[in-house]
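K.L.:
My questions will all concern the structure given below.
Protein chains in written order, with my numbering: chain A, 4 to 438; chain B, 1292 to 1534.
Below, the structure is given as structure tokens:
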């Protein structure tokens, strides 16, 4: 009773302290039994993306793709994406899948696209042996923006290289050895990729079982891969890559690939197409450097052996000009159809030139804001000096939510790689929620 | 005379008896913290100055002195990411990217004050030499110097509990002498199988004023793994190891 007034005075503080203690205990509790592996798991993300395209109406590719359409200055597109990934486990086997569904709306219409990116059964009788069958994404190579030895995958977008892509149906395996000593790891990955009218038709010519293989070595801390793909739906090719740390914050990597008897259609300004056949050699050299202030620099030089020289690209753009002139003068679309056909092939690849330089600078915790990452990416066609620059803001501070804003500028003179692309600018924002 | 001789012998023997073998203490710290090969679950909690938190749960396996794999189980945005460390080399596998990329010890895959060297920590004796060992009232103070320039922290000051031979506090310094972070080991817990160690590690850094990160350990036990698991090719399949 004597201390009653003190108790009354301090009990809110005692309660507060107890509550704080309880809260601390609660926030720091952790029981691993909650995280036992389940036989079935499912997850993925839902994403809403807004894109605004600002067209370069004078560009060759814009005019070619829209010669029979009303001319537009811009297009606003909203895309809803649902990506679902799951795993089903039983004994030594695992079935996993990843599906991707897009619904898009813009001023021109409504589009939808549903794809199975991956769906494969894996059997692992031993940690050193895995056999898989189904649709699988195999990503070979050490390049960040380009992968010349990516023989059994769809091309990646250097402007968004981390984007999930669709795989190919295949049978593949993984044999891993640890010899010890300087040769720390040896891993062999054989692949068989069938192509017919119903399966993997985008890969190349039908009627082939395309064999491919990769041999990985970890030798004295350096990653080394040797890759090969036999002649079949595509010409035979082989190559290698490496990646190593010069010092802990400075990594260098490289790739080299040779495609045998590669056929490259080359058009002159009059529309005459000659198919050149020869071995095509591609090379990539790159580095990744992290500063003490958490700025990451990624730089790559890419020599595209299957690409077109500045002069060859100029001739193609002039041919498009001649085809449009023919349309204006005679009403005939014959040359335009030919140009369209070429643009859907190797001339229409996003990076159809010969030499590119890639530079990305990203800052962790930019402006002192944790989980905020500003970045800027530039891709330059080395010969014609046309370029694409993409500033980017990414915030991942909210649990399971990624917010990304990007603005791409494409600049170049007439008859240059980026100067003749249909877009002059592209604004993009997405919110991606993982579940 | 015999007494005098005895006293002299005692005086001569005293420095030798009192001399601390810092390397032996560090070896015991390594083994008392974790078995050489183990599996464990860890929760990383990043606490921002305004009190908001971000949590990660990792499944970790280690073999020998310098092979570590950590797999992200939470949050959903990071689930399936796996990191591998072999000696000084580190890689990160992201399911979306589909292939491992090299990362550095000073980066943080979680973005927290715990960097990759903390998350994929190998034995202290594998990375550091003991420069000096000093006996204090209730702790040994070990001054550790990195064996190579590849190690994340150039110097460590480690206060080791004299009874338990477990770290109490570690200060991590850059080569310039700058204090990078302080790690505080708390909440001694019996994990079973003879493993008794701190279940909580808190860290803060003068470089991130007001921020704090906490690492909680659970399910730590001895385990053996084949070498093939600690390879780039196995990284996408690490989650199949969990029971």
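Every residue, glycine too, gets a C-beta built ideally from N, C-alpha and C.
How long is the line joining the alpha carbons of residue 1489 (chain B) and residue 1476 (chain B), rounded to whole angstroms?
P.N.:
In the second chain, counting from the first residue as 1, residue 1489 (chain B) sits at position 198. In the second chain, counting from the first residue as 1, residue 1476 (chain B) sits at position 185. Computed Cα separation, rounded: 6 Å.
K.L.:
Looking at residue 432 (chain A): is its Cβ nearer than 8 Å to the Cβ of residue 106 (chain A)?
P.N.:
Taking the first residue of the first chain as position 1, residue 432 (chain A) is located at position 429. Taking the first residue of the first chain as position 1, residue 106 (chain A) is located at position 103. No, the pair does not count as a contact, with Cβ atoms beyond the cut-off.
K.L.:
For chain B, find out if any of its Cβ atoms is closer than 8 Å to the Cβ of residue 431 (chain A); answer yes or no.
P.N.:
Within the first chain, the letter at position 428 stands for residue 431 (chain A). No, its Cβ sits nowhere closer than 8 Å to a Cβ of chain B.
K.L.:
Between A:153, A:141, A:147, A:206, which has its C-alpha nearest residue 176 (chain A)'s C-alpha?
P.N.:
As a working mapping, residue 176 (chain A) is identified with position 173 in the first chain. The shortest C-alpha separation from residue 176 (chain A) is found at A:141.
K.L.:
Hey, would you say residue 289 (chain A) sits closer than 8 Å to residue 257 (chain A), going by beta carbons?
P.N.:
Walking along the first chain from the start, residue 289 (chain A) turns up at place 286. Walking along the first chain from the start, residue 257 (chain A) turns up at place 254. The answer is yes: Cβ separation under 8 Å.
K.L.:
Could you check whether the Cβ of residue 1332 (chain B) sits closer than 8 Å to any Cβ belonging to chain A?
P.N.:
Stepping through the second chain from its first residue, residue 1332 (chain B) is reached at position 41. With 8 Å as the cut-off, residue 1332 (chain B) counts as an interface residue toward chain A.
K.L.:
Which residues in the same chain have their Cβ closer than 7 Å to the Cβ of residue 277 (chain A), if we skip the five residues on either side of it in sequence?
P.N.:
As a working mapping, residue 277 (chain A) is identified with position 274 in the first chain. So the list reads 269, once near-sequence residues are dropped.
K.L.:
To the nearest angstrom, how far is it from the Cα of residue 355 (chain A) to the Cα of residue 405 (chain A)?
P.N.:
Within the first chain, residue 355 (chain A) is the residue found at index 352, counting from 1. Within the first chain, residue 405 (chain A) is the residue found at index 402, counting from 1. Taking the straight line from one Cα to the other gives about 32 Å.
K.L.:
Provide the residue span of the beta strand (DSSP E) that contains residue 217 (chain A), from first to last.
P.N.:
In the first chain, counting from the first residue as 1, residue 217 (chain A) sits at position 214. It spans 211-222 - the beta strand (DSSP E) in which residue 217 (chain A) sits, taken as one unbroken run.
K.L.:
DSSP three-state call for residue 1438 (chain B): helix, strand or coil?
P.N.:
Here residue 1438 (chain B) is taken as the residue at index 147 of the second chain, counted from 1. Coil at residue 1438 (chain B), not helix or strand.
K.L.:
Bridge partners for residue 285 (chain A) per DSSP, in chain order?
P.N.:
Mapped onto the first chain, residue 285 (chain A) falls at position 282. According to DSSP, which records beta bridges pairwise, residue 285 (chain A) is partnered with A:260.
K.L.:
Counting pairs of Cβ atoms below 8 Å between the region 30-41 of chain A and the region 1326-1337 of chain B, do you hit three or more?
P.N.:
Touching, yes, given that three or more Cβ pairs across the two stretches are closer than 8 Å.
K.L.:
Relative to the C-alpha of residue 1428 (chain B), which candidate in B:1464, B:1408, B:1435, B:1450 has its C-alpha closest?
P.N.:
For this step, residue 1428 (chain B) is matched to residue 137 along the second chain. The option with the nearest alpha carbon to residue 1428 (chain B) is B:1450.
K.L.:
Please give me, in chain order, every unbroken run of the alpha helix (DSSP H) with length at least 4 that falls completely inside the region 1397-1467 of chain B.
P.N.:
Listed in chain order, they are 1407-1410, 1415-1418.
K.L.:
Say whether chain B places a C-beta atom closer than 8 Å to the C-beta of residue 467 (chain A).
P.N.:
With chain A running from 4 to 438 in the structure shown, residue 467 (chain A) is simply not present.
K.L.:
Excluding sequence positions up to five away, which residues of its chain have a Cβ less than 8 Å from the Cβ of residue 249 (chain A)?
P.N.:
Position 246 of the first chain, counted from the first residue, corresponds to residue 249 (chain A). Correct list, in chain order: 255.
K.L.:
For residue 26 (chain A) and residue 1336 (chain B), what's the separation of their Cα atoms in angstroms?
P.N.:
Here residue 26 (chain A) refers to the residue found at position 23 when the first chain is read from its first residue. Here residue 1336 (chain B) refers to the residue found at position 45 when the second chain is read from its first residue. For residue 26 (chain A), the predicted model reports a pLDDT of 44, less than 50, meaning its position is unreliable; a value from the coordinates is still stated below. For residue 26 (chain A) and residue 1336 (chain B), the distance between alpha carbons rounds to 14 Å.
K.L.:
DSSP on residue 332 (chain A), reduced to helix/strand/coil?
P.N.:
Taking the first residue of the first chain as 1, we reach residue 332 (chain A) at position 329. Correct three-state label for residue 332 (chain A): helix.
K.L.:
According to DSSP, is residue 1333 (chain B) helix, strand or coil?
P.N.:
Locating residue 1333 (chain B) in the second chain gives position 42, counting from the first residue. DSSP places residue 1333 (chain B) in strand when its eight states are reduced to three.
K.L.:
Whose Cβ in chain B lies nearer than 8 Å to the Cβ of residue 165 (chain A)?
P.N.:
Here residue 165 (chain A) refers to the residue found at position 162 when the first chain is read from its first residue. Going along chain B in sequence order, the residues near residue 165 (chain A) (Cβ under 8 Å) are 1385, 1387, 1388.
K.L.:
Can you name the start and end residues of the alpha helix (DSSP H) that residue 145 (chain A) belongs to?
P.N.:
Here the question's residue 145 (chain A) lines up with position 142 in the first chain. Premise fails: residue 145 (chain A) is in no alpha helix (DSSP H) and is neither H nor E.
K.L.:
Under a Cβ-count criterion, where at least 16 other Cβ atoms within 10 Å of its own Cβ denotes burial, should residue 1524 (chain B) be classed as buried or exposed?
P.N.:
Taking the first residue of the second chain as 1, we reach residue 1524 (chain B) at position 233. So residue 1524 (chain B) counts as buried.
K.L.:
My parser needs the alpha helix (DSSP H) runs of 4 or more residues fully inside the region 39-69 of chain A; what are they?
P.N.:
For the region 39-69 of chain A, whole alpha helix (DSSP H) runs of length 4 or above, ordered along the chain, are 63-68.
K.L.:
Determine, using beta-carbon pairs with one atom in the region 126-146 of chain A and one in the region 1359-1377 of chain B, whether at least three such pairs fall under 8 Å.
P.N.:
Segments in contact, no.
K.L.:
When DSSP labels each residue in this structure, what does residue 1369 (chain B) get in the three-state scheme?
P.N.:
What you label residue 1369 (chain B) is simply residue 78 of the second chain in a count that begins at 1. Three-state DSSP puts residue 1369 (chain B) in a helix.
K.L.:
Only counting the same chain, and skipping five residues up and downstream in sequence, which positions put a Cβ closer than 6 Å to that of residue 1393 (chain B)?
P.N.:
The sequence position of residue 1393 (chain B) within the second chain is 102, counting from 1. Here the set comprises 1382.
K.L.:
Tell me the rounded alpha-carbon separation between residue 1401 (chain B) and residue 40 (chain A).
P.N.:
Here the question's residue 1401 (chain B) lines up with position 110 in the second chain. Here the question's residue 40 (chain A) lines up with position 37 in the first chain. Residue 1401 (chain B) and residue 40 (chain A): Cα-Cα distance of roughly 22 Å.
K.L.:
Taking the alpha carbon of residue 368 (chain A) as the reference point, which residue from B:1502, B:1533, B:1531 has its own alpha carbon closest?
P.N.:
Reading the first chain from its first residue, position 365 is the one you call residue 368 (chain A). Taking only the C-alpha atoms, the option nearest residue 368 (chain A) is B:1502.
K.L.:
Anything in chain B within Cβ reach of residue 254 (chain A), meaning under 7 Å, just list it in chain order.
P.N.:
Within the first chain, residue 254 (chain A) is the residue found at index 251, counting from 1. By Cβ distance, chain B contributes 1393.
K.L.:
Anything in chain A within Cβ reach of residue 1528 (chain B), meaning under 9 Å, just list it in chain order.
P.N.:
The residue given as residue 1528 (chain B) occupies position 237 in the second chain. 97, 125, 127, 130, 133, 177, listed in chain order.
K.L.:
Can you list the beta strand (DSSP E) stretches of 3 or more residues lying completely in the region 338-383 of chain A, in chain order?
P.N.:
Counting whole runs of 3 or more residues, the region 338-383 of chain A contains the beta strand (DSSP E) stretches 358-366.
K.L.:
Rounded to whole angstroms, what's the CA-CA distance from residue 217 (chain A) to residue 74 (chain A)? Just pull it up for me.
P.N.:
For the purposes of this step, residue 217 (chain A) is identified with residue 214 of the first chain, where counting begins at 1. For the purposes of this step, residue 74 (chain A) is identified with residue 71 of the first chain, where counting begins at 1. Going by the C-alpha atoms only, they are around 48 Å apart.
K.L.:
May I have the straight-line CA-CA distance separating residue 28 (chain A) from residue 1323 (chain B), to the nearest angstrom?
P.N.:
The residue given as residue 28 (chain A) occupies position 25 in the first chain. The residue given as residue 1323 (chain B) occupies position 32 in the second chain. With a pLDDT of 44 at residue 28 (chain A), under the threshold of 50, the predicted position of this residue should be treated as unreliable, though the coordinate-derived value follows. In a straight line, the C-alpha of residue 28 (chain A) is about 25 Å away from that of residue 1323 (chain B).
K.L.:
Just verifying my parser: in three-state terms, what is the DSSP assignment at residue 402 (chain A)?
P.N.:
Against the first chain, residue 402 (chain A) aligns to sequence position 399. The answer is coil: DSSP assigns residue 402 (chain A) none of H, G, I, E or B.
K.L.:
Can you pull the chain A neighbours of residue 1367 (chain B), defined as C-beta to C-beta under 7 Å?
P.N.:
In the second chain, residue 1367 (chain B) corresponds to position 76, counting from 1. In chain order: 46, 403, 437, 438.
K.L.:
Taking just the CA atoms, how far does residue 435 (chain A) sit from residue 443 (chain A)?
P.N.:
As shown, chain A starts at 4 and ends at 438. That puts residue 443 (chain A) outside it, with no answer to give.
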